[in-house]
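See structure below.
Numbering (the numbering used here), first residue to last: 7 to 763.
Below, the structure is given as structure tokens:
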């Protein structure tokens, strides 16, 4: 079907206001951001995943080598690209069941290791940050032991849960091991009755003890088994419950516990919430007529729960990865399946720092071998299910993606267009209906003061050859979509930041300047408050410890742009706003570097600023956001009449804002927006950009220019847009200027961007 035909149908849907099978915008959950497989031509399995401190991921599992299993450790970039992989060879089988990043940046892996052909021990492996082995330990006696779960404890040591068969006459007991930071055993405990027990998951609790979940056959029929211990491993209490296997446990924010597993016979995913004493608070089941299993659970930032496992009832294949998101009371909010026509299952899930989810498991349908490690990243919670490229808006780009997969079965391709409900394995009208119902809807995570800038290409630079040499050569730039502030950041917005940061001790005031509280040398000023030698519109009361916005004459300055703010102060505000809204902080305030992989607020790059400022006017390229001439009806600047394109009938400062009291700033939004809906990009105040400045950067940068972020180590930073006391030439959209990052005066402010890719 042609894209034009589909667009016609979309219009019919919008006009008609309905479509069969259409669900609410969030009913289908967030879309897939990317999928990856790892492995060779043989068999690989992924059992555990965790996001690492650099935003990437660490996965542990097993790799089938020369007829033997080996521990398989994979480190990825934030986008899922492999950074490195390691296998740890041994004469006999060994594997990794659980992995966690440690406080030194390395990794701890627990699993099993056959020390002879018939004898298996718990295996504990500690690696350096690069994955190289640091030390390894085995634990066990004459029987069979293995480790299922490991966590670093508050004292720097490790707690391991698993199973032991060395203590007759039992068939097996839950095995709990506590080690020193160097892996030396501190103590070991076993739990169970006269039959078989296994421990699958362990976590240190807030009282310093431990919670373990697993399986028992010693108390009548087969049951799930929940054990709470003291910090020294002594049992505090134990509980059994109906599902015969408890796979994963986590302490919840109320001090209780959340458990997932599967019911007797493998019928349904089981979710149990308990009181702090282990008594059941509520129980839920999920699934269909086939077999479902729950393997991993975590409490989410909204107080609900995310569960991953496998399903034989839904999806595209024999078994699919099964992902369930619930409300705090356990009721299902959305469910999804992933996989192809074969067998897939999810072993581990974690909510990521951007509010999305990362899943590790196995796939028979995709990849290079019979079974490969399967890694799935979902967009942040709240992303519209039809936003297939996760850019914050459902539009024609998402429709293009859907059409490219029309009537095709699921594949490993990104993005993943099988989005209706749980997914039925093929891209069809059900998926189209979801996008149609959400078309042109902006993600609710995007505040009202941000405006969407579609990705594309443009010719950056001075198209009139009338500016300085640093505006040339004209060069093609390709940019992804992003959101930018409709307005410059206001005095009131910045004042809110200052009061919030002061309250928690993040900033200090020294004289007229605000600094980070850790800036012992006062080298990185954020902004200036009102004083003898400053025109700042922010007052600070040293007695009440409160920042307030000034009144200039009889005019409240709350909605005027923040001035007297440095580059340092602008990026500190970005981090604060990200944290206030539960987004990722983009800036390292020690190194003053921006991590562009983070989904939070930051300053625009110079290319993003010019692209947004042009307002979509590229044919022809204009001098200003609205055209080729300028007057006081369009911007707040100093009209001198010295340029032919300055046609303002009023001369000098803008008459509406020249009240004789500097600064002569205008409230944000005082003039008409450009074609993208962005206000005040020409005049009013200069705006800091993220980029460092080089006068020859345009000629130095290699082609193609894709999402350029500027030169490094040049010392000064770009400012753009002109300011109220400067003439028209400085208000051109191609004009460039720079200042040192600590500089602040009445001409400099900023606006922010939000990148949801």
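No residue lacks a Cβ here, since even glycine has one placed at the ideal position from N, Cα and C.
- Apart from sequence neighbours up to five positions away, the residues of its chain that approach residue 760 with a beta-carbon distance below 6 Å are 456, 489, 607, ordered along the chain.
- Between residue 255 and residue 268, the gap from beta carbon to beta carbon reaches 8 Å or more.
- For residue 456, the uninterrupted beta strand (DSSP E) segment begins and ends at 456 to 459.
- Residue 194 sits in a strand when the DSSP states are folded into three classes.
- Judged by pairs of C-beta atoms under 8 Å, the stretch 724 to 744 touches the stretch 673 to 689, as three or more such pairs exist.
- As the crow flies, the alpha-carbon of residue 625 is around 47 Å from that of residue 512.
- Here the alpha carbons of residue 125 and residue 143 stand approximately 15 Å from one another.
- Residue pairing for residue 354: DSSP places it in a beta bridge opposite 366.
- Counting only the Cα atoms, residue 410 lies some 35 Å from residue 584.
- Annotation for residue 505: no beta strand (DSSP E) segment contains it, though the alpha helix (DSSP H) segment containing it runs 497 to 509.
- Per DSSP, the beta bridge partners of residue 302 are 314.
- Counting of Cβ neighbours within 10 angstroms places residue 94 among the buried residues, the total reaching 16 or more.
- Distances from the CA of residue 597 to each of 614, 574, 429, 187 were compared; the closest alpha carbon is that of 574.
- Where residue 444 is concerned, the enclosing alpha helix (DSSP H) starts and stops at 435 to 444.
- Sequence-distant Cβ neighbours of residue 604 in its own chain, meaning closer than 6 Å and more than five residues away, are 590, 592.
- Contact between residue 293 and residue 317 is confirmed by a C-beta separation of about 7 Å, below the 8 Å threshold.
- DSSP, read as helix, strand or coil, puts residue 575 in helix.
- For residue 551, the number of other beta carbons within 10 angstroms of its own is below 16, and it is reported as exposed.
- Comparing alpha-carbon positions, the option among 579, 465, 668, 448 lying closest to residue 556 turns out to be 668.
- Comparing alpha carbon positions, the residue from 405, 79, 655 closest to residue 437 is 405.
- Rounded to whole angstroms, the separation of the alpha carbons of residue 719 and residue 704 is 16 Å.
- With a threshold of 16 other beta carbon atoms within 10 Å, residue 696 meets it and is buried.
- Note that the stretch 312 to 329 touches the stretch 339 to 355; at least 3 beta-carbon pairs, one per stretch, sit closer than 8 Å.
- When Cβ pairs closer than 8 Å are counted between the two stretches, the stretch 152 to 171 is seen to touch the stretch 191 to 208, the count reaching three or more.
- Rounded to the nearest whole angstrom, the CA to CA distance from residue 402 to residue 702 is 37 Å.
- Between the stretch 463 to 471 and the stretch 655 to 668 there are fewer than three inter-stretch CB-CB distances shorter than 8 Å, so the stretches are not counted as touching.
- Excluding its 5 nearest sequence neighbours in each direction, residue 729 has C-beta neighbours in its own chain below 8 Å: 643, 689, 690, 691, 692, 736, 753, 754, listed in chain order.
- For residue 88, the beta-bridge partners assigned by DSSP are 82.
- The straight-line gap separating the alpha-carbon atoms of residue 330 and residue 259 is approximately 20 Å.
- Bounds of the beta strand (DSSP E) holding residue 241 are 241 to 247.
- Here residue 400 really is in contact with residue 392; their C-beta atoms are around 4 Å apart, less than 8 Å.
- Looking only at 224, 212, 226, the smallest Cα-Cα distance to residue 234 is reached by 212.
- Every beta strand (DSSP E) of 3 residues or more that sits fully in the stretch 524 to 562 is shown, in chain order, as 544 to 547, 552 to 555.
- A check of alpha carbon separations from residue 535 across 527, 517, 528 identifies 517 as the nearest.
- Around the C-beta of residue 656, fewer than 16 other C-beta atoms lie within 10 Å, and the residue is accordingly described as exposed.
- The shortest C-alpha to C-alpha distance from residue 319 to any of 238, 43, 273 is the one to 273.
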